[in-house]
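Enquirer: Here you go, one structure.
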Amino acid sequence: MLAPEHEAVLNAMAPSLGRWWTSGELKEVVLGRFPNFHERKARRTLSALEQMRWIERDGMGPATRWRLVRRVPASMKRPSVDLALALLKLQQLAQHHLPQRMGELEAYFDSAAAVLAESSADSRLLSARAWMGKTVRLDAGYPLLAPEVSPGIFDAVLTALYRDETVAIRYCKDGQRSGGVREYIVLPYAIVEKGPCWYLVVRGRRSSSIQGDAFLIRCDRIIEVRNLGHVLKREDDFDLEAFIRDDRVLEWFPEPPVLLELRIHEREGVASQFRSVRLASDQRLEDQADGFVLWATVVPSVALRHLLLQHAPSVEVISPVELREEITELLDMALRRYKSAVSTSVLGSD
């Protein structure tokens, strides 16, 4: 049975299997964690670990060295303060970007949490605990509540993605639970977080036994996932960065690139965000009296149209003419609605 002081020594030695430690180094580990212990207790700790065949001795007296001879179970590994902070921040900011239930990750996260929870006057430990509440990542725009994805769905798709296993997915388009349910037999290739939603990138098998093009399944619309094992084989021609950059599927209905010209109006000396946030790598600006004109090569898409409409009070589309006319029509439609009186049925009654 391992006592806490035994675990302290093993945790310190675990990252360096094969390294020789002096008796002084290991005594410092014990006395640093248990300052009420005396040196004799630290020596007995090392002797006990030797008897349990966790460590082996080389030499005698002051020249004695010790080496770990068995791998320490993941549940016993104590990460350093720096590593514990990094692990917990990773878990906090990218929880579903990791195959949480695979391998030793859960044990590492538990160990990291235990390290930061230790009672200690160590200034580095205190700073690490404080750091957990000093950084945060927020999405642009008004904060939206993400659609709920059950933990079981996430576990199933992440496990299949990690192991390259085929899944049968029952899926409701547009989130309608009654009617419109489809079943896909697909191989997960990637998972993407965009805004409040998660998308599973998958490929299915055509009748010719060749896998089709990658497409997206929104995770909150998945009703059920069944693991089918290794039915489909992952093909090497898929590249996630190219899928996002070139196919632009996540921008929704992308069109061929065009040269976009915008007139940006700045009021009361407040600089537009488009001075610092670029639409494209070739973006250029020309200052004018009340703002500037912007040129950039962009891919028209639903996402771009939403961006232009969002900034319509200060952003005017000059060209392409077709895009200007489309934005004009959408704004006219909105204006007509807002100029119409709101009916009593919409307002409701007391």
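Once you know that position 59 of the sequence shown is 60 in the working numbering, the rest is easy, because the numbers rise by one and skip nothing. Backbone N, C-alpha and C fix where the C-beta goes; we use that ideal spot for every residue, glycine too.
(1) Is there contact here, the region 329-337 with the region 273-286, by at least three beta-carbon pairs under 8 Å?
(2) To the nearest angstrom, how far is the alpha carbon of A147 from that of V193?
(3) Three or more C-beta pairs closer than 8 Å, one from the region 183-201 and one from the region 227-245: is that the case here?
(4) Helix, strand or coil: how does DSSP classify V70 here?
(5) Is P160 helix, strand or coil when you go by DSSP?
(6) Take Q92 as the anchor and find which of V158, L295, Y109 has the nearest alpha-carbon.
(7) Using DSSP with H/G/I as helix, E/B as strand and the rest coil, what is S140?
(8) Please classify V116 as buried or exposed, where buried requires at least 16 other C-beta atoms within 10 Å of its C-beta.
(9) Name the one or two DSSP bridge partners that Y185 has.
(10) Between which two residues does the alpha helix (DSSP H) containing W132 stretch?
(11) Check whether the Cβ atoms of W55 and L27 sit closer than 8 Å, and answer yes or no.
(12) Which ranges does the alpha helix (DSSP H) cover as unbroken runs of at least 4 residues, wholly within the region 284-337, from first to last along the chain?
(13) Assign G104 to one of two classes, buried (16 or more other C-beta atoms within 10 Å of its C-beta) or exposed (fewer than that).
(14) Assuming the contact rule is C-beta atoms closer than 8 Å, R227 and V299 should be a hit. Round their C-beta distance to whole Å, please.
Expert: Considering the structure as presented:
(1) No, the region 329-337 does not touch the region 273-286.
(2) Translated into the one-based positions of the sequence shown, residue 147 becomes position 146. Translated into the one-based positions of the sequence shown, residue 193 becomes position 192. So the alpha carbons of these two residues sit roughly 14 Å apart.
(3) yes
(4) Within the sequence shown, residue 70 is the residue found at index 69, counting from 1. Here V70 sits in coil by DSSP.
(5) Working through the sequence shown from its first residue, we reach residue 160 at position 159. One point to set straight first is that residue 160 is Thr, not Pro, in the sequence displayed. Reduced to three states, the DSSP call for T160 is helix.
(6) Here residue 92 refers to the residue found at position 91 when the sequence shown is read from its first residue. Taking only the C-alpha atoms, the option nearest Q92 is Y109.
(7) For the purposes of this step, residue 140 is taken as the residue at position 139 of the sequence shown. For the sequence presented, residue 140 should be read as Asp rather than Ser. Annotated three-state conformation of D140 is coil, per DSSP.
(8) For this step, residue 116 is matched to residue 115 along the sequence shown. So V116 ends up on the buried side.
(9) One-based indexing of the sequence shown puts residue 185 at position 184. For Y185, DSSP records a beta bridge to I170.
(10) Along the sequence shown, one-based indexing puts residue 132 at 131. Looking at the DSSP string, the run of the alpha helix (DSSP H) that includes W132 is 124-132.
(11) Here the question's residue 55 lines up with position 54 in the sequence shown. Here the question's residue 27 lines up with position 26 in the sequence shown. With a cutoff of 8 Å on beta-carbon distance, W55 and L27 are scored as not near each other.
(12) 303-311
(13) As a first step, residue 104 must be located in the sequence shown, where it is residue number 103. Model confidence at G104 stands at a pLDDT of 48, short of 50, so the residue's coordinates are unreliable and nothing is read from them.
(14) Along the sequence shown, read from residue 1 onward, the residue named residue 227 stands at position 226. Along the sequence shown, read from residue 1 onward, the residue named residue 299 stands at position 298. Wrong, their Cβ atoms sit about 41 Å apart, outside the cutoff.
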